[in-house]
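To start, the structure itself, in structure tokens.
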């Protein structure tokens, strides 16, 4: 721990934390994490390319999926560079401005992903409860407005964070709990009063992840109510199957956050390496799993991939 007696703002340096007790093996420990990052970037880029180039995938569900893939790529770009510097180069130092910028982008892309998941839940509600008006409700103009609203909300909710951090005093050297910068971690290290920062962070979470998760649960309650009203068991299963991919992604997105929250409240200092691992999985698992889930569960995505491979084989021949 570094003393607050020499607290400063302009010359604060933050030190990233890898896996405590495994510093000598960071190169080996980081290999699966780096592979996950590479696969995440590759998988989400393929999803974006397929949806962009295949006219049969220009439907609302796949347009929202392309937004999800874009936010996943943004999240990888926000976390991957510092992880590579830490694990492979041993570079732990981050200046204040770079740390605050990383914090902004990590939280912003997380909120964008949460908003897109809510939009996809609305897409499923309309498809199941009002299928005859699906095309007239979810027009390209409406989806563009939804996407813009999600992006604006993420920026507005996260913009006060870095600005308010500039009024705080920090030790000249501060040790972070993770291998990237998070708002709660930075606020905990401050030497001055952080009530305003904590309140702004709480409001930001409530109006993003808290609101989105509540509305998604309400959406599935309405979907379940509609499906149970269908007389044919076959039609019920068919309707629920259209929601499986989205439901899997929702669980993949929110469950690591819940696990990390529980770990932080159950003496995380007794399990420092586990806490760091959970924090990394918290941001790495959703971008890694989302393309896999949709490639496995979506027939249209699989057909698009097959067409691309077949076309490549014909061109080579």
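In the working numbering, the protein residues as written are 47 to 363. Glycine included, C-beta positions come from ideal geometry on N, C-alpha and C.
By the criterion of a C-beta distance shorter than 7 Å, residue 344 is surrounded in its chain by 291, once the five residues flanking it on both sides are discounted. By the 16-neighbour rule on beta-carbons within 10 angstroms, residue 287 is exposed. Among the bridge pairs identified by DSSP, residue 221 is matched with 61. Linking residue 203 to residue 295 through their CA atoms gives a straight-line distance of about 23 Å.
Taking C-alpha positions only, residue 134 is separated from residue 82 by approximately 15 Å. Of 180, 89, 225 and 157, the smallest CA-CA separation from residue 140 is found for 225. Secondary structure at residue 132: helix, using DSSP grouped into helix, strand and coil. By the CB criterion at 8 Å, residue 209 and residue 273 fall outside the cutoff.
With contacts defined as CB atoms closer than 8 Å, residue 154 and residue 201 qualify as a contacting pair. DSSP places residue 332 within a helical segment (H, G or I) once states are collapsed to three. For residue 161 and residue 115, the gap between their C-alpha atoms comes out near 13 Å. Within the stretch 158-239, the complete beta strand (DSSP E) runs of at least 3 residues fall at 219-221. Residue 143 counts as exposed, since fewer than 16 other beta carbons sit within 10 angstroms of its beta carbon. At the C-beta level, residue 138 and residue 62 come within 8 Å of one another. In terms of CA proximity to residue 354, 100 leads the group 100, 145, 71 and 170.
Taking every protein chain shown into account, the CB of residue 65 has 16 or more other CB atoms within 10 angstroms, so this residue is buried.
For residue 140, DSSP records a beta bridge to 60. The alpha-carbon of residue 178 is positioned some 9 Å away from that of residue 172. Pairwise C-beta distances place the stretch 259-276 out of contact with the stretch 322-342, as fewer than three of them are shorter than 8 Å. The criterion of a C-beta distance shorter than 8 Å is not satisfied by residue 262 and residue 289.
The alpha-carbon of residue 156 is positioned some 19 Å away from that of residue 168.
Classified as buried, residue 148 has 16 or more neighbouring CB atoms from the shown chains inside 10 Å of its CB. Just so you know, the alpha carbons of residue 97 and residue 220 end up roughly 44 Å apart. Residue 265 and residue 341 have their alpha carbons spaced roughly 24 Å apart. Nearest neighbour of residue 257 by Cα position, chosen from 227, 196 and 150, turns out to be 196.
With a 10 Å radius around the Cβ and a threshold of 16 neighbouring Cβ atoms, residue 170 comes out buried.
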